[in-house]
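Numbering (the UniProt record's numbering), first residue to last: 1 to 161.
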Amino acid sequence: MYHDKHFQKDSHFALIAFNHEQIKQSTSSGYLLAESPKFNNISKRLMDVDVEVLSHLIQRMEDGERVKPETDEESLGFQLIKDLDHVSGRVQGSTTTKKYMRNEIWSLISFIGAPSWFITFSPADNMHPISLYFADTKERFSPLLREYDERYKLIANNPVA
């Protein structure tokens, strides 16, 4: 953490850092896939796929139709989508990762049963002294009694805190 917290106060830093993390994860996942013995088959599928058939499949899916492959070209397109899902399965925030988490939740519900009650804790950052310390530029921690507006502005100007 820097003394002046200039990265924390940058409103775009969290988004850019997350994007870099996603790029790193997708590159690593693609590299691992390229090292696997399946690489030649996947690259052949990429070269052989008919773009018009793939566009037609995408259009049918966007229209909400339940799509099953009817021809060999459509099967090749679905296999290509599976290959891309395999790469994006290691990338945080991707639709494939969300699908994996959703499947895991349903598996847990099926194995353990549905939760019967929930507890949600929602602490207010502008009331917590540690959040206020992280939002402030002072290096020494001393829990000060601040006005509501000052606390609110400190937290609003530093989303990381």
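Every residue, glycine too, gets a C-beta built ideally from N, C-alpha and C.
Computed from a predicted structure; not experimentally measured.
Distance between residue j and residue i (C-alpha atoms, nearest Å)
i: K138; j: Y100; result: 42 Å
i: T96; j: K44; result: 23 Å
i: residue 187; j: F121; result: Because the chain in this structure spans residues 1 to 161, residue 187 falls outside the shown range and cannot be described.
i: S107; j: K5; result: 42 Å
i: E147; j: F141; result: 17 Å
i: residue 168; j: F7; result: The structure shown has nothing for residue 168, since the chain only spans 1 to 161.
i: G77; j: D85; result: 12 Å
i: I105; j: S116; result: 15 Å
i: I58; j: I119; result: 41 Å
i: K98; j: L145; result: 42 Å
i: R61; j: P69; result: The displayed chain sequence assigns Met, not Arg, to residue 61. Near 12 Å, if we compare the C-alpha coordinates of P69 and M61.
Reduced DSSP category for residue i - H, G, I as helix; E, B as strand; rest coil
i: R60; result: helix
i: K9; result: helix
i: residue 166; result: The shown model of the chain, from 1 to 161, leaves out residue 166, and the question about it has no answer.
i: S55; result: helix
Proximity winner among the options, relative to residue i (alpha-carbon distances)
i: Q92; options: H20, F7, F134, K9; result: H20
i: L32; options: I112, G89, F111, S94; result: G89
i: P123; options: S116, W117, S131; result: S131
i: L80; options: S55, V49, L144; result: V49
i: K38; options: R66, N103, L54, D83; result: D83
Local Cβ density within 10 Å of residue i, reported as buried at 16 or more and exposed below that
i: L46; result: exposed
i: N157; result: exposed
i: S94; result: buried
i: R151; result: buried
i: Q25; result: buried
i: V51; result: exposed
i: D136; result: buried
i: N103; result: exposed
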